[in-house]
Amino acid sequence: MKSKQIHIIEKAMSLFAKQGIKAVTMDEISIKCELSKKTIYEYFINKSALVENVVKHLLSETERYIRVCPSISPNAISEIRYYFQYLEVNVLAISPMFYHDLMQYNSAYQLLLQFTDEKIYAFLMQNIIRGQTENIYRSNTELIIKVHIWFIKKMMSDVSFQVEVDRINFFSCSNDAFLRSLLNNNGQKMALKKDVF
């Protein structure tokens, strides 16, 4: 991808993240990028194409992170906590209006759903296998993962969570509950010793 394309994607993302997609015009993106609309349309045929590329960019950043996360984590608990921190910084930095508006851009929205259902699910499954191998997670956790995936989707698109403090607190509490539901007795002891919570 060309540097100008990436520049446009990142500037558009910053606008979409704050205001949602529908509220942002191509004129505003042009001003933010300090480029003519004609130049933007050379790279993106329309707003839908730009939105799809913004989503692809977001997902590729997330995929890169979840690929590296296991190797920088000393154990499964640390790994899942790093993942939670990443979500809190990146997912919660984006207005629920973005995710809500994204539903109007079917191909981009489907990319997000597919990524969540496949890549995030696979990452969580690998983390659980690691935690079970380390004897800190309990067995029979598949339903817990499905609930967590459902919750992520809900948090992204629920416009009732417009107040940032409420979103952060709710997200943090639900992540804590998710982790606690995974831990067996050994994991709970380890978490207490290392001040994981």
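All residue numbers in the sequence shown are consecutive under full-length UniProt numbering, ending with 197. Backbone N, C-alpha and C define an ideal beta-carbon position, used for all residues, glycine too.
- In this structure, R130 sits away from L182, with a CB-CB distance that is not shorter than 8 angstroms.
- In the three-state reduction of the DSSP assignment, Y137 falls in the strand class, which pools E and B.
- The alpha-carbon of M97 is positioned some 37 angstroms away from that of Q188.
- Assignment of alpha helix (DSSP H) within the UniProt domain "HTH tetR-type" (2-62), counting only whole runs of 4 or more residues, yields 3-19, 26-33, 37-43 in chain order.
- Cβ-Cβ distances below 7 angstroms link Y121 to I145, I149 in the same chain, with the five nearest sequence neighbours on each side left out; the list follows chain order.
- Straight across, the Cα-Cα distance linking H57 with N127 is about 24 angstroms.
- The segment 50-70 and the segment 97-112 touch, with three or more beta-carbon pairs separated by less than 8 angstroms.
- When only Cα atoms are considered, P74 and K38 end up about 49 angstroms apart.
- Only residues of its own chain outside the window of five on either side were considered, and among them L50 have a CB closer than 6 angstroms to the CB of F44, listed in chain order.
- For the 8 angstroms CB-CB criterion, I21 and L92 do not form a contact.
- Beta-carbon to beta-carbon, I40 and I29 are separated by about 6 angstroms, close enough to satisfy the 8 angstroms threshold.
- By the CB criterion at 8 angstroms, I77 and A191 fall inside the cutoff.
- Within the same chain, K37, I40, K47 come within 7 angstroms of M26 by CB-CB distance, once the 5 residues on both sides are set aside.
- Under the criterion of beta carbons closer than 8 angstroms, I80 and L179 qualify as touching, at roughly 6 angstroms.
- Distance from the CA atom of I168 to the CA atom of A177, rounded to whole angstroms, is 14 angstroms.
- Excluding its 5 nearest sequence neighbours in each direction, I94 has C-beta neighbours in its own chain below 6 angstroms: A17, listed in chain order.
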